[in-house]
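In our numbering, the protein residues as written are 1 to 284.
We treat Cβ as the ideally placed atom computed from N, Cα and C, and that holds for glycine.
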Ligand SMILES: NC(=O)c1ccc[n+]([C@@H]2O[C@H](COP(=O)([O-])OP(=O)(O)OC[C@H]3O[C@@H](n4cnc5c(N)ncnc54)[C@H](OP(=O)(O)O)[C@@H]3O)[C@@H](O)[C@H]2O)c1
C-alpha cells in the first residue's frame with residue numbers, strides 16, 4: 001500500500017498578534033506560561049519571560065523553548081501584554097526598572113498578591129490598563145480558581161484577554177477590587193482547608209476500617225465529584241445535599257454530627273479570619 005505523505009502543518013496560535021512578557025516566570029508564572037504554550041494561546045516566539053538569575057534563565061529557555069532572560073526592560077519594550085509574577089515586595093523595584101519601556105497601549109496583568117491596580121497605575125506614570133488577578137495552587141493541574149479585577153483604564157477587550165489567560169489554568173471570574181481580600185481568604189487559602197477536610201475524611205475511613213490508601217482515594221474523589229456536581233449542574237449545594245439525605249437514613253446522622261461539631265461555622269470563620277489577615281497584609 002502506498003504511503004500517504006503527511007505534511008507537517010503548524011497550527012497558528014489563537015492570539016498570534018499579541019507579544020507577551022512574563023516578568024518573574026517562577027512557580028505561578030511558569031504554570032501560566034506552560035499552559036499558554038500547551039493550549040496554543042501564544043506561539044513560543046511571541047513570549048519573552050524573565051527571572052532573577054541568569055543560570056535559571058538559560059535552563060528555562062531550553063526547557064520551554066521560549067526566550068528567557070533577566071532583561072525586564074527588553075521584554076517589556078517588545079510586549080503588548082505584560083504579566084507581572086514577581087513576589088509582592090519586588091513589584092515596586094520592577095516597576096521602576098521597566099517604567100521607561102511602558103506605554104499606554106500595553107496591558108499589564110499582575111498576579112502579585114495584595115498589590116493594588118492603583119499602586120501599579122501610579123508607579124507606571126501612565127493611564128495604563130492594569131488587571132489584578134488572584135490565582136490559586138490547583139492552577140498547576142488546570143483546576144485553578146482565579147478572580148480578576150480591573151483597574152481604572154482597562155477596556156473590555158483587555159479584560160477579556162486577561163480572563164482568557166487564566167482560563168488556560170482553570171476557572172476565572174471577574175470581581176470588584178474591593179473583594180480581592182475575600183478572594184484570598186476563600187479560593188486563595190481554600191485549597192488548604194479542603195486538604196484538611198480530605199485528610200480528616202480519610203482518617204475517618206481508617207477509623208471505620210478502610211485501608212488508608214483506599215480511604216484517601218475515596219475521600220479525595222468524593223470532594224472532587226461533589227465539586228463537579230455543584231459546578232456542572234448549577235444546583236444549589238443544599239439541594240444536592242438533600243438529594244443524598246434519605247429520611248431516617250445514614251447521611252442525616254452524619255450531618256447531625258457535622259452541625260453539632262460546628263463545621264459550617266468553623267469554615268465561615270476560617271474564611272473571615274484569612275480575609276482579615278489578607279486585609280492587614282495589603283495595608284502593609
Ligand atoms: N504560587 C502560587 O500559588 C500563587 C498564588 C497566587 C498568587 N501568587 C503570586 O505570584 C507571585 C509569584 O509567586 P511564586 O510562588 O510564583 O514565586 P516564585 O516561584 O518565587 O517566582 C518569582 C519569580 O520572580 C523571579 N524574579 C525575582 N527577581 C526578579 C527580577 N528582578 N526580574 C525578573 N524576575 C525576577 C524569580 O526568579 P529566580 O527564580 O531566578 O529567583 C522567580 O522566578 C507572588 O507575587 C505571589 O503573591 C502565587
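| Buried versus exposed call for residue 67 [16 or more other C-beta atoms within 10 Å across all chains shown] | Buried, because 16 or more other Cβ atoms sit within 10 Å of the Cβ of residue 67.
| Can you tell me where the alpha helix (DSSP H) with residue 83 in it begins and where it stops? | Here residue 83 belongs to no alpha helix (DSSP H); instead the beta strand (DSSP E) covers 81-84.
| said: Check whether the segment 34-53 and the segment 102-118 touch, using three or more Cβ-Cβ pairs below 8 angstroms as the test. | reply: No, the segment 34-53 does not touch the segment 102-118.
| message | Quick test of your reading: residue 105 and residue 18, contact by CB under 8 angstroms. State the CB separation rounded to the nearest angstrom. | response | Actually they do not touch by this definition, with Cβ atoms about 12 angstroms apart.
| Should residue 60 be counted as a contact of ligand 1 given a C-beta to heavy atom distance under 6 angstroms? | Residue 60 has its Cβ no nearer than 6 angstroms to any heavy atom of ligand 1.
| request: State yes or no: is the C-beta of residue 72 nearer than 6 angstroms to some heavy atom of ligand 1? | output: Yes, the Cβ of residue 72 comes within 6 angstroms of a heavy atom of ligand 1.
| Counterpart residues of residue 144 in DSSP-defined beta bridges | As DSSP reads the structure, residue 144 sits in a beta bridge with 170.
| Identified DSSP bridge partners for residue 68 | Answer is 49, bridged to residue 68.
| query | Would you say residue 180 touches ligand 1, meaning its beta carbon is less than 6 angstroms from a heavy atom? | reply | Checking the Cβ of residue 180 against ligand 1 gives no.
| residue 222: first and last residue of the uninterrupted alpha helix (DSSP H) it sits in | Unbroken alpha helix (DSSP H) run through residue 222: 212-233.
| query | Any idea what DSSP makes of residue 22, helix, strand or coil? | reply | Note: residue 22 maps to strand in three-state DSSP.
| field | Extent of the continuous alpha helix (DSSP H) run through residue 194 | value | Counted as a single uninterrupted DSSP element, the alpha helix (DSSP H) harbouring residue 194 occupies residues 190-207.
| Can you round the beta-carbon distance between residue 168 and residue 131 to whole angstroms, since I take them to be within the 8 angstroms contact cut? | Wrong, their Cβ atoms sit about 15 angstroms apart, outside the cutoff.
| field | Cβ neighbour criterion (16 or more within 10 Å) applied to residue 114 | value | Per the 10 Å Cβ criterion, buried.
| task | May I ask you to report which of helix, strand or coil DSSP gives residue 101? | result | Three-state DSSP puts residue 101 in a helix.
| From residue 33 to residue 259, what does the alpha carbon distance come to, in whole angstroms? | Near 43 angstroms, if we compare the C-alpha coordinates of residue 259 and residue 33.
| field | Where residue 154 falls: helix, strand or coil (DSSP) | value | When DSSP states are grouped into helix, strand and coil, residue 154 belongs to the coil group.
| said: Please state whether the Cβ-Cβ distance between residue 88 and residue 65 is less than 7 angstroms. | reply: The answer is no: Cβ separation not under 7 angstroms.
| message | Could you pull the DSSP bridge partners for residue 132 from this structure? | response | Its beta-bridge partners are 110, 149.
| message | Alpha carbons only, please: which of 196, 236, 148 is nearest the one belonging to residue 175? | response | Closest by alpha carbon: 148.
| said: Less than 7 angstroms between the beta carbons of residue 85 and residue 144, yes or no? | reply: Going by C-beta atoms, residue 85 is not nearer than 7 angstroms to residue 144.
| query | Helix, strand or coil: how does DSSP classify residue 14 here? | reply | Coil.
| said: Am I right that residue 22 and residue 83 are in contact with their C-beta atoms under 8 angstroms? What's the rounded C-beta distance? | reply: Contact annotation, residue 22 with residue 83: C-beta distance approximately 5 angstroms; criterion of less than 8 angstroms satisfied.
| query | Should residue 87 be listed as close to ligand 1, given that the test is whether its C-beta is under 6 angstroms from any heavy atom? | reply | Result yes, Cβ under 6 angstroms from ligand 1.
| query | What separation, rounded to the nearest whole angstrom, lies between the Cα atoms of residue 196 and residue 273? | reply | For residue 196 and residue 273, the gap between their C-alpha atoms comes out near 17 angstroms.
| request: Report, in whole angstroms, the separation of the C-beta atoms of residue 47 and residue 72, which I expect to be a contact under 8 angstroms. | output: The Cβ separation is near 14 angstroms, so there is no contact.
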